[in-house]
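One structure is given below, encoded as structure tokens.
There are 2 protein chains.
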Amino acid sequence: MNRKKTTIEDVAARAGISRQTVSRVLNDRGVVARETRARVLAAIKALDYRPNASARSLASRRTYLLGILTADLSDYTHARILEGAETAAREHGYLMFISGAERSLTGEPLHSRLLSQHQAEGLFIIYHGADCDSYLIFDDIPRDLPVVTIGYAQDRENVVKVGIANSQAARWATEHLLRLGHRRIAHITGPQEMYESQERRLGYVEALRQAGVVPEDCWVAVGDWSSASGYRAVLELLDRSPGFTALFAQNDRMALGALQALRKSGLQVPQDVAVVGFDDIPLAAYFAPPLTTVHHPFYEVGSRGAGLLIDLIDGLPAPSAPVHLETELVIRCSCGARSKSVPMH
Amino acid sequence: MNRKKTTIEDVAARAGISRQTVSRVLNDRGVVARETRARVLAAIKALDYRPNASARSLASRRTYLLGILTADLSDYTHARILEGAETAAREHGYLMFISGAERSLTGEPLHSRLLSQHQAEGLFIIYHGADCDSYLIFDDIPRDLPVVTIGYAQDRENVVKVGIANSQAARWATEHLLRLGHRRIAHITGPQEMYESQERRLGYVEALRQAGVVPEDCWVAVGDWSSASGYRAVLELLDRSPGFTALFAQNDRMALGALQALRKSGLQVPQDVAVVGFDDIPLAAYFAPPLTTVHHPFYEVGSRGAGLLIDLIDGLPAPSAPVHLETELVIRCSCGARSKSVPMH
DNA sequence: TTGTAGGCGTTATCAT
DNA sequence: ATGATAACGCCTACAA
């Protein structure tokens with residue numbers, strides 16, 4: 010931080026002009042004589058001048074900073090959303106900083122410092138904490154701060170929800186199994202208090218009902234998104250209510266655990282049990298057997314979300330309904346059907 | 010950004026004191042009367058005052074910003090390092106900005122905005138581009154900017170390399186296979202031009218040599234870290250030089266692809282071919298069969314790296330040698346040995 | 001122990 | 001079309 014930086018004043022001097030005019034060409038504001046502009050541009054290039062962001066935002070009250078809040082960045086689904094969001098943000102001239110949502114010992118949420126000190130102009134919440142903390146995050150967010158969120162969204166102004174139509178997608182996945190002739194379809198959900206879990210479970214239940222199958226709670230096991238929980242869930246299901254011929258897991262990681270539990274229990278997939286997952290993480294194509302799953306467009310959710318966030322910042326009205334991107338059912342080997350991709354719409 | 014923020018002046022007024030004293034208690038600089046300090050603190054809390062970071066860094070010439078450069082954030086290995094780095098940075102009061110390292114059409118590296126405009130005080134490079142772009146990144150980095158890097162590091166001041174002892178770890182993995190009686194051990198590497206690939210391959214070769222086995226190029230296939238490339242590599246090896254009884258893949262994703270190719274070729278793991286991977290991603294324990302692999306302490310690499318970066322910023326001398334964290338061999342089922350973890354040191 | 005003056009690098013506002 | 005002047009919110013240095 011100690012090396013001497015060239016300032017707008019240096020550029021002005023070299024171009025033989027006032028710093029105001031330099032500022033003008035920098036921000037494309039006001040009219041500048043063609044020739045003057047050229048001189049300024051030349052000076053900028055010659056001096057390799059970069060405007061100081063701190064000074065800029067201090068004077069202009071704009072930071073072009075977006076905060077992103079998430080638990081568990083190492084989970085592919087979040088990381089991929091982040092990737093999409095960051096790329097879109099960068100393309101729009103915004104910078105993205107990341108932050109967990111932990112609270113300090115005093116109970117003050119750590120991200121509030123980020124938001125208010127660094128003056129983030131918007132917040133992208135990709136939360137996925139195992140507990141319901143996500144619902145509390147909103148308490149610490151100023152009402153007038155534009156927010157985009159995946160999953161749960163408080164119903165208030167300046168908050169937009171992006172994602173997929175979870176229940177519809179889950180219904181498609183279940184219907185696929187139904188269409189293949191299955192009637193006893195087990196289900197592994199995420200944590201019960203989570204929005205996505207509830208929505209996906211709803212889709213599963215609806216599909217069964219519509220097919221005239223009575224959904225029984227004994228076919229549903231609760232996991233926590235991890236492979237280990239998927240493994241345990243299958244063991245539990247096998248013990249509690251054996252006889253299911255198909256299994257729909259609410260994410261691919263749990264499906265992977267399930268696959269292993271099934272294998273260890275001597276059950277063949279898809280011959281004995283057909284399995285369908287959710288998310289379509291890159292490794293799913295290499296599971297044993299390759300997993301039939303719902304493709305979740307994470308990257309697009311991220312970039313779209315960032316776009317919406319920037320729209321909010323620009324004062325555009327928030328969409329009246331959650332923004333849903335399209336999913337599709339990727340049929341591979343774990344369900345016994347012929348491989349293909351089926352767009353859901 | 011338009012809502013009225015409370016400033017240091019407001020706090021000073023409420024505490025009936027000059028803003029200078031407020032600044033003092035804020036920064037813990039100089040001596041402040043116990044009672045005055047209490048009044049100031051009370052005012053701060055009452056007004057919910059947060060110092061403006063832009064103004065602060067403009068005046069103090071400190072930003073407490075760290076940039077993180079990476080390709081492919083959705084890859085677990087990077088995301089996990091990022092997670093460790095971000096957590097450590099936050100604990101030290103630094104903020105972490107993420108940025109890809111792409112160049113704009115004009116050839117200007119996009120991350121330069123981070124460095125020169127936002128005045129990042131340090132840079133954490135987790136690069137892993139499939140090509141050798143990583144080697145070029147350094148060209149755009151000011152010589153006096155503290156840098157921490159994983160993998161390749163230019164040998165210059167203010168650059169610290171963190172990571173693991175790749176060749177040593179690879180040697181251990183190979184020796185494990187050797188110890189199990191294997192002599193014809195195939196190997197799948199990452200892109201040839203990459204540092205990690207070269208180091209790991211070196212370890213593999215050394216282990217063979219030391220065991221009196223002549224390393225043959227025909228047993229080595231080159232991948233690109235992806236599962237697909239691992240799959241192809243096995244097909245290629247099987248075609249070109251069948252007869253290997255063991256396989257060491259330079260990362261778990263390629264190992265997963267390899268597992269599938271082996272399975273499709275009618276080969277059983279570990280009975281026909283023993284497989285060892287590298288990284289120990291969370292899903293590896295659920296591969297079929299569960300993968301024996303080298304545990305790579307990504308999170309710790311990230312947090313340690315951030316710590317070192319902050320040390321550099323604080324003017325501490327850079328470690329004279331690369332900082333290596335400990336790996337361990339996690340023995341599961343894919344190699345045929347009894348499960349356990351073996352620290353490598 | 002506390003206050004005053006000046007400046008950090010930029011943009012906003014109002015002149016010219 | 002360009003320039004002068006005054007902020008923006010804070011910190012440093014020095015004075016009291």
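Sequence lines, in order, name chains L and E. Quick note on the working numbering: the first sequence kicks off at 10 and runs consecutively. Quick note on the working numbering: the second sequence kicks off at 10 and runs consecutively. Each residue gets a CB set at the ideal place from its N, CA and C atoms; glycine is no exception. Remember, it's a predicted structure, so these values are computed and weren't measured experimentally.
- Distance between I340 (chain L) and L91 (chain L), taken at the CA atoms: about 27 Å.
- Straight across, the Cα-Cα distance linking E44 (chain L) with I26 (chain L) is about 12 Å.
- Counting every other CB atom within 10 Å of its CB across the protein chains shown gives S69 (chain E) a total below 16, marking it as exposed.
- Taken through DSSP and simplified to helix, strand or coil, F253 (chain E) comes out as coil.
- Two segments are said to touch when three or more pairs of C-beta atoms, one from each, lie closer than 8 Å; by this definition the stretch 290 to 308 of chain E touches the stretch 256 to 276 of chain E.
- For P291 (chain L), the closest alpha carbon among the candidates L:P326, L:R272, L:Y308 is that of L:Y308.
- Between V41 (chain E) and R33 (chain E), the CB-CB gap stays under 7 Å.
- Taking all protein chains shown into account, D289 (chain E) has 16 or more neighbouring C-beta atoms within 10 Å of its C-beta and is therefore buried.
- Boundaries of the beta strand (DSSP E) around L334 (chain E): 332 to 334.
- By the neighbour-count criterion, in which 16 or more other beta carbons inside 10 Å mark a residue as buried, D57 (chain E) falls on the exposed side.
- Contiguous beta strand (DSSP E) elements confined to the stretch 127 to 202 of chain E occur at 131 to 135, 156 to 159, 168 to 173, 194 to 198, taking only those with 3 or more residues.
- Assigned with DSSP and collapsed to three states, G266 (chain L) falls in helix.
- Ranked by Cα distance from L300 (chain E), the options E:V231, E:C342, E:G252, E:L276 are led by E:C342.
- K273 (chain L) counts as exposed, since fewer than 16 other beta carbons sit within 10 angstroms of its beta carbon.
- Relative to A220 (chain L), the option among L:A22, L:G252, L:I194, L:V169 whose CA is nearest is L:I194.
- Around the beta carbon of P279 (chain L), 16 or more other beta carbons lie within 10 angstroms, which makes this residue buried.
- D288 (chain L) carries a strand assignment under DSSP once its states are collapsed to helix, strand and coil.
- In this structure, DSSP gives K349 (chain L) an extended state, which the three-state scheme calls strand.
- Interface flag for Y295 (chain E) against chain L is set, since a Cβ pair is found closer than 7 Å.
- Going by DSSP, A216 (chain L) is part of the alpha helix (DSSP H) stretching over 204 to 219.
- Cβ contact annotation for I17 (chain L) (same chain, cutoff 8 Å, sequence separation greater than five): R28, V31, S32, L35, Y58, P60, in chain order.
- Where T79 (chain E) is concerned, the enclosing beta strand (DSSP E) starts and stops at 74 to 79.
- Comparing alpha-carbon positions, the option among E:V332, E:A237, E:I159 lying closest to M203 (chain E) turns out to be E:I159.
- When the beta-carbon positions are compared, I135 (chain L) and M105 (chain L) stay at least 7 Å from each other.
- When the beta-carbon positions are compared, P151 (chain L) and L321 (chain L) stay at least 7 Å from each other.
- One Cα belongs to D261 (chain E), the other to R210 (chain E), and the distance between them is close to 15 Å.
- In the structure shown, the three-state DSSP call for T30 (chain E) is helix.
- The three-state reading of DSSP puts A294 (chain E) in helix, counting H, G and I together.
- E184 (chain L) and E337 (chain L) have their C-alpha atoms roughly 13 Å apart.
- With respect to A174 (chain L), H333 (chain L) sits close: the two C-beta atoms are nearer than 7 Å.
- Not flagged as an interface residue toward chain L: I150 (chain E), since no C-beta distance is shorter than 7 Å.
- Looking at the backbone, the Cα of V351 (chain E) and that of A283 (chain E) are separated by about 18 Å.
- DSSP, read as helix, strand or coil, puts A258 (chain L) in strand.
- Leaving aside the five residues that flank G131 (chain L) on each side, the residues in its chain whose CB is nearer than 6 Å to its CB run, in chain order, L75, P155, L318, I322.
- For a Cβ distance threshold of 8 Å, nothing in chain E lies close to A258 (chain L): the least Cβ distance comes to about 13 Å.
- For the pair G39 (chain E) and V171 (chain E), the CB atoms are not nearer than the 7 Å cut-off.
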